[in-house]
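A.B. asks:
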Amino acid sequence: MVNLPEMGAIALMHANDPLAGLADPEALDALAAGGTLIGLLLSILFFIWLGLLGVLLPWFVWRTKVYTKRQYLLSKRMFELMRQQALHAQAQLDGKSAPRRGSV
2 MVNLPEMGAI ALMHANDPLA GLADPEALDA LAAGGTLIGL LLSILFFIWL
52 GLLGVLLPWF VWRTKVYTKR QYLLSKRMFE LMRQQALHAQ AQLDGKSAPR
102 RGSV
């Protein structure tokens, strides 16, 4: 088993020549173990990111569709209200009775 604190001490002993410690097979094992751990961590983070992307991206698309539809319906309702008010104002200017709501 590789003793990581000992490997750190070996690396510190070779501070002037950082690659000198790699001639030791145990140092290479420690380096490989560190690389393996980093690779595992990055793989786990990648799969977590992929899972979140698979969940959050469709949710954002759905929310965008809902928000867009809500804005469309609100705009349509406001347009109809303004149209009714304009018809009512025009009818008052013409001296006629105002059209009933819902009729054209």
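Heads up: the sequence shown at position 65 corresponds to 66 in my numbering, and the numbers run straight through without jumps.
Cβ coordinates follow ideal geometry from the N, Cα and C atoms, glycine included.
Got a sec, what are the start and stop residues for the alpha helix (DSSP H) lysine 97 sits in?
C.D. replies: For this step, residue 97 is matched to residue 96 along the sequence shown. Unbroken run through lysine 97: none, as it is neither H nor E.
A.B. asks: Mind checking alanine 28: buried by the 16 CB within 10 Å criterion, or exposed?
C.D. replies: Locating residue 28 in the sequence shown gives position 27, where the first residue counts as 1. Label assigned to alanine 28: buried.
A.B. asks: If you draw a straight line from the C-alpha of lysine 70 to the C-alpha of tryptophan 63, how long is it?
C.D. replies: Here residue 70 refers to the residue found at position 69 of the sequence shown. Here residue 63 refers to the residue found at position 62 of the sequence shown. When rounded, the distance between both Cα atoms is 11 Å.
A.B. asks: Express the C-alpha separation of leucine 94 and alanine 87 in angstroms, rounding to a whole number.
C.D. replies: As a first step, residue 87 is located in the sequence shown; it is residue number 86 there, counting from the start. As a first step, residue 94 is located in the sequence shown; it is residue number 93 there, counting from the start. About 10 Å.
A.B. asks: With H, G and I counted as helix, E and B as strand and the rest as coil, what does DSSP make of aspartate 30?
C.D. replies: As a position in the sequence shown, residue 30 is number 29, starting the count at 1. DSSP places aspartate 30 in helix when its eight states are reduced to three.
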